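Working notes, beginning with the structure itself.
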Amino acid sequence: MKLFFGILMILGLSFKTNAQTKLSTKDSINIFFDSLFSVLKTDYLYKDKVNWTAIESEIKVKLNQYDDFKQALSQTTSLFDKINATHCQLFYIDTIFAATYIGPSENDFSEQWIKKYSTNPSFEVKLLDQKYGYILLPGMTYEDISAENIHKIAQPMYDQIVDLKSKHKLEGWVIDLRFNTGGNPYHMLLSLYDILGDNILWGELDKDKNMKTKVQLKDGKYLQNNEVISYILPKGERFYKSKVAIITGIITASSGEITAISFKGRENTIFIGETTNGLTTTNDKRNLPFGVLWH
1 MKLFFGILMI LGLSFKTNAQ TKLSTKDSIN IFFDSLFSVL KTDYLYKDKV
51 NWTAIESEIK VKLNQYDDFK QALSQTTSLF DKINATHCQL FYIDTIFAAT
101 YIGPSENDFS EQWIKKYSTN PSFEVKLLDQ KYGYILLPGM TYEDISAENI
151 HKIAQPMYDQ IVDLKSKHKL EGWVIDLRFN TGGNPYHMLL SLYDILGDNI
201 LWGELDKDKN MKTKVQLKDG KYLQNNEVIS YILPKGERFY KSKVAIITGI
251 ITASSGEITA ISFKGRENTI FIGETTNGLT TTNDKRNLPF GVLWH
């Protein structure tokens, strides 16, 4: 199975200042946005479709009104909107800056879906009609993505799936991604190891459409270009040929979509539901000047 993705790459710049030099707030704002524009104009996936001269001029005029660095960062929302960077986030202290969200409204969802969503649903495994395994796989975002922490989170999820399988004679599985707005794919895909089996799941292209990353599961390990990112400890018999129904919704996004895509080409798999959100680009995490983080 060959899967190709565009990758939204925003690379951090190294930034050094003289410890003896005290920058004014205006200086800090200008230095940060100069660095940001330099990176975008070089490595943003759709950089060739942007009128950088006009946009940079417009944003920098607006920056003149700010005497506070954090408040000035709010202009990144306008910037992202103008260049259609809908899958970027900027983290500074306790605030996230992103493009303006334009998506489904409450009227696009059923009463039952809204009721469930309001409970902030978590990972869930249960038996349906005494013959189907049901897995609710919501979005999952964790700051600590070390191999051990991924394992610590994924293993209990995997164990719940194995436990249900061992106790019942199942005719198939339903994997519900309707509440999965994204996050980290590692935990999601490792938990589904026995259903996905040892396979290449997805991959990334860089801005020049060259293959950059190949992701696969093998022997309970999550491999990225053959590097072990994390793992689960497999138990018992694999059931990678079981019948599977993948349910998607209009807010299934990012790693939720990657999870769905990982089942493309799998035998005995059907896809049910709505068209997903369309955020299948990926982001590199980088540090930018003054403690600002891109993701």
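Last residue of the sequence shown? That's 295 in this note's numbering, and every number before it is there in order.
Cβ coordinates follow ideal geometry from the N, Cα and C atoms, glycine included.
Remember, predicted model here, so these are calculated numbers, not experimental data.
Asked	Found
Coarse secondary structure for Tyr186, derived from DSSP in three states	helix
Beta-carbon proximity of Asn277 to Ala245, cut-off 7 Å	no
Cβ neighbours of Ser242 in the same chain (closer than 8 Å, five flanking residues each side left out)	Leu170, Gly172, Trp173, Ile195, Asn268
Span of the alpha helix (DSSP H), counted from its first residue to its last, around Phe32	25 to 43
Contacting residues, own chain, Cβ-Cβ under 8 Å from Ile153 (five flanking each side not counted)	Met140, Tyr142, His187
Inter-residue CB distance, Ile247 and Gly273 (contact presumed, cutoff 8 Å)	5 Å
Rounded Cβ spacing between Phe239 and Phe69 (contact assumed at less than 8 Å)	Between Phe69 and Phe239 the Cβ distance is about 53 Å, and since that is not below 8 Å, they are no contact.
Other residues of its chain near Gln75: CB distance less than 7 Å, five sequence neighbours each side excluded	Ile59, Lys62, Leu63
Which of helix, strand or coil DSSP assigns to Gly172	strand
Under 7 Å between C-beta atoms of Ser262 and Leu201	yes
C-alpha gap between Met93 and Ile29, whole angstroms	Reading off the sequence shown, one finds Ile at residue 93, where the question assumed Met. Approximately 16 Å, taken between the alpha carbons.
Contact check, Val215 vs Lys221, beta carbons under 7 Å	no
Backbone secondary structure at Ser105 - three-state DSSP	coil
Complete alpha helix (DSSP H) runs within the segment 118 to 179 (minimum length 4 residues, chain order)	147 to 167
As assigned by DSSP and simplified to three states, the class of Thr281	coil
Buried/exposed call for Asn18, threshold 16 Cβ in 10 Å	Model confidence at Asn18 stands at a pLDDT of 40, short of 50, so the residue's coordinates are unreliable; what they give is reported in the following sentence. Flag for Asn18 reads exposed.
Those residues which DSSP pairs with Ala245 across a bridge	Val174, Ile270
Run of the beta strand (DSSP E) containing Ala98, from where it starts to where it stops	95 to 98
Exposure of Tyr101, with buried meaning 16 or more beta-carbon neighbours within 10 Å	exposed
Nearest candidate by alpha-carbon position, reference Met211, set Gln71, Asn199, Gln224	Gln224
Phe97 and Thr77 closer than 7 Å at C-beta	yes
Buried versus exposed call for Ser230 [16 or more other C-beta atoms within 10 Å across all chains shown]	buried
Nearest residue (CA-CA) to Asp34, options Leu73, Ile258, Lys115, Ile135	Leu73
Enclosing beta strand (DSSP E) for Gln71 [first to last residue]	Premise fails: Gln71 lies in the alpha helix (DSSP H), 69 to 72, not in any beta strand (DSSP E).
Run of the alpha helix (DSSP H) containing Ile229, from where it starts to where it stops	Where Ile229 is concerned, there is no enclosing alpha helix (DSSP H), although the beta strand (DSSP E) it sits in stretches over 227 to 231.
Alpha-carbon to alpha-carbon, Asn184 and Leu3	Low confidence applies here, because Leu3 scores a pLDDT of 35, under 50, leaving its location unreliable; read the following figure in that light. Approximately 19 Å, taken between the alpha carbons.
Cα-Cα separation, Gly182 to Gly203	17 Å
Cross-strand partners of Val292 (DSSP beta bridge)	Leu288
8 Å contact criterion, which Ile232 and Gln160 should meet: CB distance rounded	In fact, because the Cβ distance is near 12 Å, the residues do not count as touching under 8 Å.
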